[in-house]
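Under this note's numbering, the first residue of the sequence shown carries the number 8, and numbering increases by one thereafter. Single-structure report; data block below.
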Amino acid sequence: MDSAVIAEPAPPPAFDTARIEGAIADLAKTHAGREDAFRAALAQLLKIETAQARETVQAQLLKDRHGRRCAEQLCDIQDAVIRLLFNAATRYLYRSETPSEAERMSVVATGGYGRGLMAPQSDIDLLFLLPYKQTAWGEQVAEAILYCLWDMGLKVGHATRSIDESIRQARADMTIRTALLETRFLTGDRALYDELVLRFDKNIVQGTAAEFVAAKLAEREERHRRAGQSRYLVEPNVKDGKGGLRDLHTLFWMAKYVYQVRDAEELVKRGVFDAHEYRTFRRCEDFLWSVRCNIHFFTGRAEERLSFDMQREIAQRLGYTSHPGMQDVERFMKHYFLVAKEVGNLTAILCAKLEDQQAKPAPVLSRVIARLRPGAGRHRLRDNPDFIVDNNRINLASPDVFKRAPINLIRIFHLAQKNNLAFHPDAMRTATRSLPLINEKLRENPEANKLFLEILTSNDAEIVLRRMNETGVLGHFIRAFGKIVSMMQFNMYHHYTVDEHLIRCIGILQEIERGGNDEFVLSSALIRKIRPEHRVVIYVAVFLHDIAKGRPEDHSVGGAKVARRLCPRFGLSPADTELVAWLIDEHLTMSTVAQSRDLSDRKTIENFAAVVQTLEQLKLLTILTTADIRGVGPGVWNGWKAQLLRTLYYETEPVLTGGFSEVNRAQRIAAAQAEFRSQFTEWPEAEVSAYVARHYPAYWLKVDLAHKIRHARFVRTSEQAGHKLAVNVGFDEARGVTELTILAPDHPWLLSVIAGACASAGANIVDAQIYTTTDGLALDTIAISREYDRDEDEARRATRIGEMIEQVLEGKLRLPEVVAKRAAAKPKHRAFTVEPEVTLNNQWSDRYTVVEVSGLDRPGLLYQLTTAISKLNLNIASAHVATFGERARDVFYVTDLLGAQITAPTRQAAIKRALVHLLANGEAAQPAA
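Dropping the structure here:
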């Protein structure tokens with residue numbers, strides 16, 4: 008705690024305290040004898056002056072981009088306001104000519120405000136410190152200050168306490184103790200504040216360092232859990248997220264409590280940080296304050312999440328520009344995640360120092376790697392004398408271990424993995440400092456590459472690769488990987504940075520290989536059937552599949568080129584190298600075909616088989632596709648996508664084997680129906696058989712079991728109630744969507760009606776599964792984005808949409824008018840731009856023209872597309888609706904009104920022109936007369 012005399016900092020030139028004091032004196036004369044009028048005028052004066060001063064500070068921030076300086080200046084302005092209010096209250100409102108011992112007060116800044124740094128919309132935390140004996144005077148002065156601050160529109164957290172009360176509460180409550188740790192004298196009686204400081208240090212801090220550090224680390228862990236554990240979530244919380252400002256604050260709180268330092272610079276003298284690490288601390292702090300202050304200024308509120316809709320604005324405010332392959336916003340966010348990574352490194356360094364000094368009762372080990380087993384203590388590692396085991400953590404036997412043998416920078420991770428050891432922070436710190444030792448000679452070293460390949464393909468690879476990445480070793484050893492470290496993709500589909508996505512995919516691949524997870528039944532079976540030498544191939548392909556993101560060329564093509572350079576270095580044969588390159592080049596193909604093609608169309612399967620070429624490549628591509636989709640983020644992988652991949656795999660397998668298949672189509676249909684019968688035992692056998700016969704084969708192959716059972720119950724309930732049209736509402740928690748299942752007589756406009764009803768209710772369609780029964784009913788499941796957190800509220804909304812669908816089908820509601828009214832009422836700012844694309848293809852089907860459209864998703868898009876296609880005199884035979892974040896990709900199998908493909912180039916051009924215009928402008932271009 009800071010017990011030294013604190014010089015009152017001068018506010019920025021924009022805030023002229025002397026001039027304002029004169030204006031306050033004039034107000035006091037004008038409103039003499041009328042306290043309420045004086046207070047109202049005082050608050051208005053200070054509100055105007057503060058707003059003008061803040062505008063000056065914002066202009067300075069936009070000019071010099073110094074976040075910490077901005078936060079200091081904002082704090083100085085607030086300090087000046089509080090001093091002016093205190094003087095006004097004690098001079099004009101509650102003046103005491105001969106103050107008694109009890110009529111004393113110290114106004115103290117606490118918490119974040121006490122740190123001397125604040126964002127534009129930060130709360131103000133104040134402690135009105137009073138003597139043991141109190142009079143009404145203290146309460147009156149405190150109230151006068153608070154009411155003026157509230158009238159100015161400021162958010163104020165406050166407490167009025169004596170020193171004894173403050174000490175008692177700090178002992179009992181860790182939050183109050185932390186707030187008092189960062190107190191700062193503002194105005195009033197200095198002696199009261201000094202006494203508080205002395206007693207806090209003596210009665211609270213002494214002997215409780217271990218308790219405080221443990222509490223702060225536990226608090227940090229819980230905060231990260233709430234904000235999202237990963238440091239690389241693409242909409243990070245600048246204040247509370249992993250690697251954010253609060254982590255820097257926690258780091259300094261622990262250091263301040265343990266080492267009794269007043270400033271982070273003193274940690275260098277104490278040997279906690281070296282000069283470079285201290286500069287890193289200040290650089291990270293300045294950057295994060297720049298981001299936070301700009302967010303507050305831009306939004307005009309205390310917004311801490313760096314959401315997509317403001318990322319580009321903040322990037323431009325901070326001066327980022329676009330480069331080939333990377334947008335300005337992507338370059339800014341890459342810098343952000345690099346800073347977050349450095350904050351994590353600084354925290355690890357301090358924790359290591361605290362452990363050494365036994366400030367903590369026990370080392371905080373990785374919850375995943377650490378194992379309780381014999382051998383705790385300190386001893387040489389049996390495998391290699393260059394390393395020691397220190398409380399089940401690998402450390403260096405001497406400081407020059409990496410310098411003497413740079414290969415040890417790879418070997419330490421291999422040994423940790425092999426011996427199931429956590430990493431000592433000191434070893435990781437030394438590894439980061441030794442990165443210049445990783446040169447071309449080490450990169451081409453066969454043994455180093457062999458060790459890396461063993462790390463990649465052994466247990467706990469995800470954990471070890473992440474630690475290699477955090478130290479910088481991974482990016483230096485594989486330079487192509489270094490280029491995508493902390494790189495984000497400015498879209499709503501990917502939840503993590505590119506490097507984090509690749510490392511997570513390796514973890515998922517290991518989960519697939521272990522088996523036992525129902526999500527990955529097919530891939531787990533396939534990975535056991537691939538050739539043994541191709542196990543390394545699939546691991547390398549998964550690790551490299553997005554390695555060329557952020558380059559001007561297509562990342563699949565670029566990734567294949569990277570693989571052709573890297574794989575020989577890893578020791579792969581020419582044939583395996585080409586196989587890895589092929590997998591990377593085609594790593595999006597299977598996902599695209601499964602989700603946006605008609606898998607019951609023979610031509611689709613033949614075309615896909617021509618790309619895949621061999622059964623072994625099909626197996627490997629299926630495994631890679633599964634890991635890739637699952638690694639994108641929570642809720643992206645689901646039973647429907649798993650079922651589509653299974654269907655595509657089993658439809659393609661006999662084409663590649665000349666008709667032979669381990670499980671032919673008829674057997675798979677029979678197996679799917681048998682599975683349904685065995686799991687669905689609620690009905691009599693005859694009724695089940697009749698229901699099974701109502702569905703075409705494609706239904707049994709493409710729909711997962713959970714939905715089949717739900718559909719059966721829904722159809723029966725609807726028909727027993729005599730409903731011609733019915734809507735069932737369900738919730739997919741993992742995906743965060745609401746599912747509407749609609750049963751209705753089938754007709755060509757049904758999909759358009761459903762889409763229009765969703766659009767008119769403001770519901771955004773994420774994907775759709777569309778099926779018809781043999782007796783002429785449509786059974787469509789539409790997934791829409793949730794609007795409400797509570798299921799009850801969301802169910803009412805979904806029910807309203809269902810009622811609207813029924814009203815439109817019965818002719819009670821004119822859909823175009825309702826949709827137009829909704830679109831006009833809710834203009835929406837969009838953070839993303841997606842270049843509209845429309846392709847027409849007659850090679851994907853023998854019977855239909857496949858129209859594929861891709862563009863920026865928006866409510867009502869599917870309705871607009873289906874309506875436009877119908878107006879273009881096209882029949883939609885089937886539709887395949889998918890959304891990838893902000894990008895909609897919808898595929899329609901169409902014919903002309905006579906049932907033929909669209910072959911005339913002029914007709915194709917007119918269709919394409921109309922749909923591109925719709926995607927870009929919200930309406931279709933009128934076809935030429």
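Ideal placement from N, C-alpha and C gives every residue a C-beta, glycine not left out.
Would a C-beta distance cut-off of 9 Å place Ser-169 and Leu-136 closer than the cut-off? To locate residue 169, count along the sequence shown from 1; it is residue 162. To locate residue 136, count along the sequence shown from 1; it is residue 129. Yes.
For Ile-791 and Leu-651, I'd like the C-alpha separation in whole angstroms. As a working note, residue 791 is residue 784 in the sequence shown. As a working note, residue 651 is residue 644 in the sequence shown. Whole-angstrom Cα-Cα distance: 19 Å.
Considering only the beta carbon of each residue, do Glu-893 and Asp-864 sit closer than 9 Å? Counted from its first residue, the sequence shown places residue 893 at position 886. Counted from its first residue, the sequence shown places residue 864 at position 857. Yes, they are a contact pair.
Take every Cβ of the region 88 to 103, pair it with every Cβ of the region 47 to 65, and state whether three or more of those distances are shorter than 8 Å. Segment contact: the region 88 to 103 against the region 47 to 65, three or more CB-CB distances shorter than 8 Å; contact assigned.
Can the beta-carbon of Met-159 be found less than 9 Å from the beta-carbon of Glu-337? In the sequence shown, counting from the first residue as 1, residue 159 sits at position 152. In the sequence shown, counting from the first residue as 1, residue 337 sits at position 330. Contact: no.
Residues of its chain near Leu-449, where Cβ-Cβ distance is below 6 Å and the 5 sequence neighbours each way are ignored: Counted from its first residue, the sequence shown places residue 449 at position 442. Closer than 6 Å at Cβ, skipping near neighbours: Pro-413, Ala-455.
Looking at C-alpha atoms only, which residue of Ile-485, Val-547, Arg-122 is the closest neighbour of Asp-86? The residue labelled residue 86 in the question sits at position 79 within the sequence shown. In this structure, Arg-122 is the residue among Ile-485, Val-547, Arg-122 with its C-alpha nearest to the C-alpha of Asp-86.
Run through DSSP, which three-state label would Phe-315 get? Translated into the one-based positions of the sequence shown, residue 315 becomes position 308. Secondary structure of Phe-315 (DSSP, three-state): helix.
Going straight from the alpha carbon of Val-618 to that of Val-220, what length do you get? For the purposes of this step, residue 618 is identified with residue 611 of the sequence shown, where counting begins at 1. For the purposes of this step, residue 220 is identified with residue 213 of the sequence shown, where counting begins at 1. About 58 Å.
Proximity winner among Lys-140, Tyr-120, Gln-128, Ala-47, relative to Met-112 (alpha-carbon distances): Numbered from its first residue, the sequence shown carries residue 112 at position 105. Of the residues Lys-140, Tyr-120, Gln-128, Ala-47, the one whose Cα lies closest to the Cα of Met-112 is Lys-140.
So, helix, strand or coil for Met-261, using DSSP? Residue numbering aside, residue 261 sits at position 254 when the sequence shown is read from its first letter. In the structure shown, Met-261 sits in a helix (DSSP, three-state: H, G or I).
Does the beta-carbon distance from Val-898 to Val-858 come in below 9 Å? Position 891 of the sequence shown, counted from the start, is the residue given in the question as residue 898. Position 851 of the sequence shown, counted from the start, is the residue given in the question as residue 858. Result yes, Cβ atoms of Val-898 and Val-858 sit closer than 9 Å.
Ranges of the alpha helix (DSSP H) found wholly within the region 99 to 147, counting only runs of at least 4: Listed in chain order, the complete alpha helix (DSSP H) runs (minimum 4 residues) inside the region 99 to 147 are 118 to 121.
Buried versus exposed, by CB contacts within 10 Å (16 or more), Asp-525: The residue labelled residue 525 in the question sits at position 518 within the sequence shown. Exposed, since its Cβ has fewer than 16 Cβ neighbours within 10 Å.
Under 8 Å, with one C-beta from each stretch per pair, do the region 500 to 511 and the region 530 to 547 reach the 3-pair mark? No: fewer than three Cβ pairs fall under 8 Å.
Range of the contiguous alpha helix (DSSP H) that encloses Thr-913: One-based indexing of the sequence shown puts residue 913 at position 906. Membership of Thr-913 in the alpha helix (DSSP H) is indicated by the continuous run 912 to 928.
Neighbourhood of Gly-557 by C-beta, 8 Å cutoff - its chain only, sequence neighbours within 5 removed: Working through the sequence shown from its first residue, we reach residue 557 at position 550. So the qualifying residues of the chain are Gly-332, Met-333, Glu-337, Lys-490, Ile-491, Met-494, Val-505.
What first and last residue would you give for the beta strand (DSSP E) that runs through Asp-83? Taking the sequence shown and counting its residues from 1, one reaches residue 83 at position 76. Here Asp-83 belongs to no beta strand (DSSP E); instead the alpha helix (DSSP H) covers 74 to 95.
In the DSSP assignment, what are the bridge partners of Val-619? On the sequence shown, residue 619 is found 612 positions in, with the first residue counted as 1. Val-619 has no beta-bridge partner at all, per DSSP.
Measure the beta-carbon distance from Val-901 to Tyr-870 and round it to whole angstroms, keeping in mind my assumption that it falls under 8 Å. If you number the sequence shown from 1, residue 901 lands on position 894. If you number the sequence shown from 1, residue 870 lands on position 863. Taking C-beta atoms under 8 Å as the contact rule, Val-901 and Tyr-870 fail to qualify, at a distance of about 17 Å.
Looking at the structure shown, is Arg-253 part of a helix, part of a strand, or coil, going by DSSP? Locating residue 253 in the sequence shown gives position 246, counting from the first residue. When DSSP states are grouped into helix, strand and coil, Arg-253 belongs to the helix group.
Starting from the C-beta of Trp-589, find all residues in its chain whose C-beta is less than 8 Å away, skip the five residues before and the five after it, and write them out in chain order. In the sequence shown, residue 589 corresponds to position 582, counting from 1. For Trp-589, where only same-chain residues beyond five positions count, the Cβ hits under 8 Å are Ala-567, Gln-624.
Look up Ser-530 in the DSSP assignment and say whether it is helix, strand or coil. Mapped onto the sequence shown, residue 530 falls at position 523. Correct three-state label for Ser-530: helix.
The alpha helix (DSSP H) spanning Arg-168 covers which residue range? In the sequence shown, counting from the first residue as 1, residue 168 sits at position 161. Where Arg-168 is concerned, there is no enclosing alpha helix (DSSP H), although the beta strand (DSSP E) it sits in stretches over 163 to 169.
Going by DSSP, which residues form a beta bridge with Met-333? Here residue 333 refers to the residue found at position 326 of the sequence shown. Note: Met-333 sits in a beta bridge opposite His-330.
What are the partner residues of Gly-195, as DSSP defines its beta bridges? By one-based count along the sequence shown, residue 195 stands at place 188. Per DSSP, Ser-113.
Here's the rule: buried if 16 or more other CB atoms are within 10 angstroms of the residue's CB, otherwise exposed. What is Phe-22? The residue given as residue 22 occupies position 15 in the sequence shown. By the beta-carbon neighbour count (other beta carbons within 10 angstroms, threshold 16), Phe-22 is buried.
Just how far apart, CA to CA, sit Val-114 and Gly-251? Here residue 114 corresponds to residue number 107 of the sequence shown, with the count starting at 1. Here residue 251 corresponds to residue number 244 of the sequence shown, with the count starting at 1. Between Val-114 and Gly-251, the C-alpha separation is close to 30 Å.
Apart from the five residues on each side of it in sequence, which residues of its chain come closer than 8 Å, Cβ to Cβ, to Gln-323? On the sequence shown, position 316 is the one that residue 323 refers to. A distance below 8 Å between beta-carbons, with the five flanking residues on each side excluded, links Gln-323 to the following residues of its chain, in chain order: Asp-335.
Can you tell me which of the three DSSP states Gly-351 falls into? Position 344 of the sequence shown, counting from 1, holds the residue named residue 351. Helix at Gly-351.
Decide if Asn-446 is buried, meaning its Cβ has at least 16 other Cβ atoms within 10 Å, or exposed. Numbered from 1 along the sequence shown, position 439 holds the residue referred to as residue 446. Taking all protein chains in view, the Cβ of Asn-446 is surrounded by fewer than 16 other Cβ atoms within 10 Å, so the residue is classified as exposed.
How is Thr-24 classed by DSSP in three states: helix, strand or coil? Start at 1 with the first residue of the sequence shown, and residue 24 comes out as number 17. Looking at Thr-24 - three-state DSSP - the assignment turns out to be helix.
Return the bridge partner residues of Asp-774 from the DSSP annotation. Against the sequence shown, residue 774 aligns to sequence position 767. In DSSP, Asp-774 forms a bridge with Ala-790.
Are Asn-426 and Val-471 close, meaning C-beta to C-beta below 9 Å? The residue labelled residue 426 in the question sits at position 419 within the sequence shown. The residue labelled residue 471 in the question sits at position 464 within the sequence shown. Contact flag unset, no.
What is the rounded straight-line gap between the Cα of Val-212 and the Cα of Glu-284? Along the sequence shown, one-based indexing puts residue 212 at 205. Along the sequence shown, one-based indexing puts residue 284 at 277. If you draw a straight line from the Cα of Val-212 to the Cα of Glu-284, it comes to about 26 Å.
Please state whether DSSP places Arg-338 in a helix, a strand or coil. As a first step, residue 338 is located in the sequence shown; it is residue number 331 there, counting from the start. Here Arg-338 sits in helix by DSSP.
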